[in-house]
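Please read the structure below before turning to the comments.
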Amino acid sequence: MNLPSSIAFLKMVNKMATLWLLCFYFSFSDAETFYRYLNSYGNCGGQPMIVDVNDIYSLKADAQPGTATQSSLAGCEMVFRSKQEDARLCVIQDGPLNTIDDPNAELTVADGYGDKPSTFITLKYSPSKWHKREYCTTSQFITVKLHRINNNVPIAISKLHIDLKIVNIESRHRKIYMQEHYCSGDYDLDNSIVRVYNKFPSAEAMVGDSTCGVNLKKRSDEETRICLVYTPPNRLHSDYEWLFAVSNQPYSLYEKNVLYKLEWNDTRINTRHTWCASNQTSQVMLIFKRHNSSQTEPPEALGFYFADFAGTEEELLELVKSDEPSTSSDVDLRVVVAVVVVTSFAVFAVILVVVMYKKNMFRNVCHSDYVPTHNPVNNC
């Protein structure tokens, strides 16, 4: 190996090490959020937007609230498509209920793309509201349309209060809160992990429903089971009496119907544990009962992961652990490990080049016609 080829080899090693380090870093990065606005002509129309497992599309009305951007708005259409052909999409409404205060505007969200998609959200002039928190499609597409009822009058975008999220059904960012409009809702599992909490973060002073039930469904195949992983909170709140149950009948807490139960005074609330239903169970109701509905328990004081899973409970537990947000110390440790590995790889490459270069020089001397006069014997 001559000097120019050695330099080229080192450059190639440097590129490979840099690429590996970037891949290592981004494999631990958080999900990326893309913002889309109904009054942005750059967002409206065009090709479907691809939604991967780690993507969150945040759909809002106005790109620049408080400005005159609404004066020429005629309408908007956006199409979203799951990256995987066999995956579906979900629309999430996790904040205040969306409303439209402009009588000339109408927003529809449909399951499908092209001819006659099935509309599941229609928002018109108040008091029209969509009272569900989540809807998952049966197709690969979601079509969002904002249009004028009177084509001669522009839409006043400042009077549209829209805040929706569109995610892949396999996203790890789907959450269910056991209160308010989440109750009595239907939530699908399809190669999913969904987090379930007692109360959402902005409800610190809000009194929760005395009893809340949500329906959880999985595919009808028997390869997977509905499973849960209970995660103890950082601080246990023993002052609040509650019961959480998984039942095979709506709102039934009879012993014969309860598949899993955890109460506020149960010793298991201190330890992480798992549970799975039978393969034949394709639908359950999660029931959260507050024994004293006048109490204002802290938000996210109780948390579970629910999944449709084909492996063992131990494998699910390890998957959930790897999916949990990393602490800063964990991230720092990973960075240190990555730097050490890449540096070691680079040093090894340099040593290899030096050894090969010296060996090549030695070979060139041995193959030359020059023989030292003071040492007529060639030891090559």
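In terms of mature numbering (1 follows the signal peptide of the UniProt record, and there is no 0), the sequence shown is residues -31 to -1, 1 to 349. Glycine is no exception: its CB is placed at the ideal position from the N, C-alpha and C atoms.
C-alpha gap between residue i and residue j, whole angstroms
i: D190; j: A279; result: 10 angstroms
i: I90; j: T236; result: 44 angstroms
i: F273; j: Q62; result: 20 angstroms
i: I238; j: V165; result: 15 angstroms
i: T2; j: R141; result: 13 angstroms
i: K230; j: K258; result: 11 angstroms
i: V289; j: V198; result: 8 angstroms
i: I118; j: L286; result: 52 angstroms
i: W211; j: Q148; result: 13 angstroms
i: K52; j: A246; result: 30 angstroms
i: Y10; j: D132; result: 18 angstroms
i: N226; j: I19; result: 42 angstroms
i: S291; j: H260; result: 34 angstroms
i: R143; j: F275; result: 10 angstroms
i: S161; j: F169; result: 20 angstroms
i: Y220; j: D31; result: 41 angstroms
i: S87; j: H100; result: 18 angstroms
i: K114; j: R194; result: 37 angstroms
i: D80; j: F110; result: 6 angstroms
i: Y6; j: G14; result: 12 angstroms
i: V163; j: K29; result: 24 angstroms
i: R57; j: E139; result: 8 angstroms
i: C59; j: H150; result: 17 angstroms
i: P34; j: D71; result: 16 angstroms
i: K98; j: T77; result: 12 angstroms
i: R241; j: N120; result: 58 angstroms
i: Q218; j: Q252; result: 9 angstroms
i: L271; j: T200; result: 8 angstroms
i: E75; j: V48; result: 17 angstroms
i: S153; j: N167; result: 14 angstroms
i: K134; j: E192; result: 30 angstroms
According to DSSP, residues forming a beta bridge with residue i
i: A276; result: I162, C196
i: M18; result: F49
i: F257; result: C181, F213
i: T107; result: Looking at the DSSP assignment, T107 forms no beta bridge with any residue, so it has no partner.
i: Q252; result: K186
i: G44; result: H116
i: A(-1); result: Answer by DSSP bridge pairing: none, since A(-1) is not bridged.
i: T91; result: T77
i: E54; result: Paired residues: none, contrary to the question.
i: W244; result: L197
i: S27; result: Y4, K134
i: Y229; result: V215
i: C59; result: C105, V136
i: T236; result: BP columns for T236 are empty, so no partner.
i: L129; result: I69
i: residue 354; result: For the chain, the structure presents residues -31 to 349; residue 354 sits outside this window and is missing.
i: Y223; result: DSSP lists no partner for Y223.
i: D157; result: K186
Closest Cα partner of residue i within the set the options
i: L228; options: T240, I238, T250; result: T250
i: P123; options: V136, S153, A43, S51; result: A43
i: S127; options: H260, K230, Y26, N73; result: N73
i: Y223; options: I256, Q252, V60, N234; result: I256
i: D84; options: T112, P34, R259, L185; result: T112
i: P96; options: E75, F110, I69; result: I69
i: V183; options: T88, S216, E54, C196; result: S216
i: N137; options: K93, N12, D55, S153; result: D55
i: H116; options: P219, C45, F213, I162; result: C45
i: T281; options: I19, C196, S179; result: C196
i: R50; options: P17, L66, P34; result: P17
i: G64; options: Y146, V78, Q109, M47; result: Y146
i: N203; options: T180, E269, F169, H150; result: E269
i: F213; options: Y4, R194, W233; result: W233
i: K93; options: R57, T193, G81, N67; result: N67
i: E284; options: Q252, N248, L271, W244; result: W244
i: S171; options: E266, D71, Q33, T240; result: E266
i: L185; options: M254, N8, A125; result: M254
i: K187; options: I135, N248, S153; result: N248
i: A125; options: D277, A(-1), N8; result: N8
is_contact[residue i, chain D] using C-beta, thresh 7 angstroms
i: D235; result: As a matter of chain content, chain D is missing from the structure shown, which is built from one protein chain.
Residue i CB to nearest heavy atom of the ligand GTP below 6 angstroms
i: A276; result: The model depicted lacks the ligand GTP and carries no ligand whatsoever.
Do the region 197 to 217 and the region 154 to 161 touch if we need at least three Cβ pairs shorter than 8 angstroms?
no
Can at least three beta-carbon pairs, one atom from the region 17 to 26 and one from the region 99 to 106, be found at a separation below 8 angstroms?
no
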